[in-house]
Each structure stands twice: as structure tokens, then as C-alpha cells.
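Peer 1:
Residue numbers (our numbering): -7 to 229.
(1) Of all the options 98, 61 and 104, which has the alpha carbon lying nearest to the alpha carbon of residue 83?
(2) Report, in whole angstroms, the separation of the C-beta atoms of residue 172 and residue 139, which I expect to be a contact under 8 Å.
(3) With DSSP as the reference, please indicate the residues paired to residue 28 in a beta bridge.
(4) Judging by CA-CA distance, which residue of 6, 54, 153 and 43 is the nearest neighbour of residue 63?
(5) Work out the CA separation of residue 228 and residue 23 for me, nearest whole Å.
(6) Of the residues 27, 221, 205 and 33, which one's Cα is nearest the Cα of residue 47?
(7) Determine the closest residue to residue 283 out of 2, 3, 0 and 11, with distance taken between C-alpha atoms.
(8) Closest by CA to residue 153, which one among 116, 168 and 177?
(9) Given a threshold of 16 other Cβ atoms within 10 Å of its Cβ, counted over all protein chains shown, does residue 209 qualify as buried or as exposed?
(10) Quick one: measure Cβ to Cβ for residue 133 and residue 122, integer angstroms, because I've assumed they're closer than 8 Å.
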């Protein structure tokens, strides 16, 4: 961000000068985490979020000042947060804890600072190390090994279907589609709609246990696991 590179290790955020690599600041440790620093802007304020075993920590990217914390101790985090259109934060947890929608609001006056409030908690979408996406009022991701969708206003499940193991997914927002990479290396195209689960197509892509995120660069889709990597050119029909 700007002139610093921000990373995390053992639940601690640290920033380094982008030109020299010299340390610039470090933030207090807040628990174990496999998650990466996540830049967001909330209420007009740039900040960096880190999900840890204790919950969520937000710091100022300029100097590492802790802006706010949200407690939700459920074990080590592996997923990334996401934002709703209203600017609330979607926080996933490992195991069976599920997903929370949290609002972070800046306060003024004598007790200026930030407050957080849980809008809802649901166990209808339980990401483990599989990230989820927010699109047109709904979240899409994995409930264990099965794809699922929940309403972002209420946290209620819209649908659940399709077994992909512990896979990963990408959102093709302009096409209202999900590109799902299953744990066994299959690629599937699924409608990103709350109307119901609908898999349009499925093809074998690579072989072996596949936990890695797919990547999309222009019209080239990249998929890999510990054994092999493949590239596919996507065409519009």
C-alpha cells in the first residue's frame, strides 16, 4: 500500500519500506492466523484488516496504529474477509463457527474511535480454508464440502448444492457466474444467483488433490496443485 509492503506472521502485522526493505512499523500480535493482510476503506478511512484466532484487528496502514478490534475467538483463521455493498465486513471462521456480518462504525465526540456490532452469525456457510465471494446481495462459498449461498441481509441460507470437496472459487461478476475448482481438479461453472443451485458445466482440469486458488488474467484461467499446473483460454459464447 502506497510506499510500504505489509505482511503478517504469527498473527502480527508488519510494514516494510517498498524501496529499501527497512522496517517501518509493527502492530501488536493478536493470535494465530494463516490469513493475509486485507486492505479496505471503511467510512472513508483506509485500513488493513487481519483475521486471527481472536477475531479481527484493523490498523492504520501509515503507522500501524490499531483502529479497532472485534472479538470472535474460534481458532486459527485461514480465509480472507469480504465486504458487503454497505461496507460491512464478512468474517469467516474455521471449523463449525460459520460466518459473521460485522459493522465497524467511526464515532465522534468525547469518546471518538470505532465501535463494532454483529449484524448476524450463520452456520449455513462455513468456510474452512476456502474463501467466499459477495455478489448482488448474497454470499457464495463452501459449507464444508458443499457449495452454498446465504442472504447478506439476514444470514439465512438461499440454497446448498453441488459436492466439490474442499475446493475454491472465483466470481465472474459481469456474467453472474461462479468458477469453481473442485478438490479433485474439476472445473465447474455455476450460476451466481439466489434462485437455486445450477451447475452449467463441469470439466476435468488437473489431477490430484487441489487446494490452490485458481487465477484469472484477462481471458486466461490458471489452475494448479502440488503436482501440475494448467492454463485455459476462456471464450465468451
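Cβ coordinates follow ideal geometry from the N, Cα and C atoms, glycine included.
Peer 2: Let me spell this out:
(1) A check of alpha carbon separations from residue 83 across 98, 61 and 104 identifies 61 as the nearest.
(2) Rounded to the nearest angstrom, the Cβ distance from residue 172 to residue 139 is 7 Å, consistent with a contact under 8 Å.
(3) Residue pairing by DSSP places residue 28 in no beta bridge whatsoever.
(4) Selected option, being the one with the closest Cα: 43.
(5) Distance from the CA atom of residue 23 to the CA atom of residue 228, rounded to whole angstroms, is 45 Å.
(6) That would be 27, whose Cα lies nearest to the Cα of residue 47.
(7) Any property of residue 283 remains undetermined from this structure, which presents the chain solely from -7 to 229.
(8) Among 116, 168 and 177, the Cα nearest to that of residue 153 is on 116.
(9) Exposed is the call here.
(10) A Cβ-Cβ separation of about 6 Å places residue 133 in contact with residue 122 under the 8 Å criterion.
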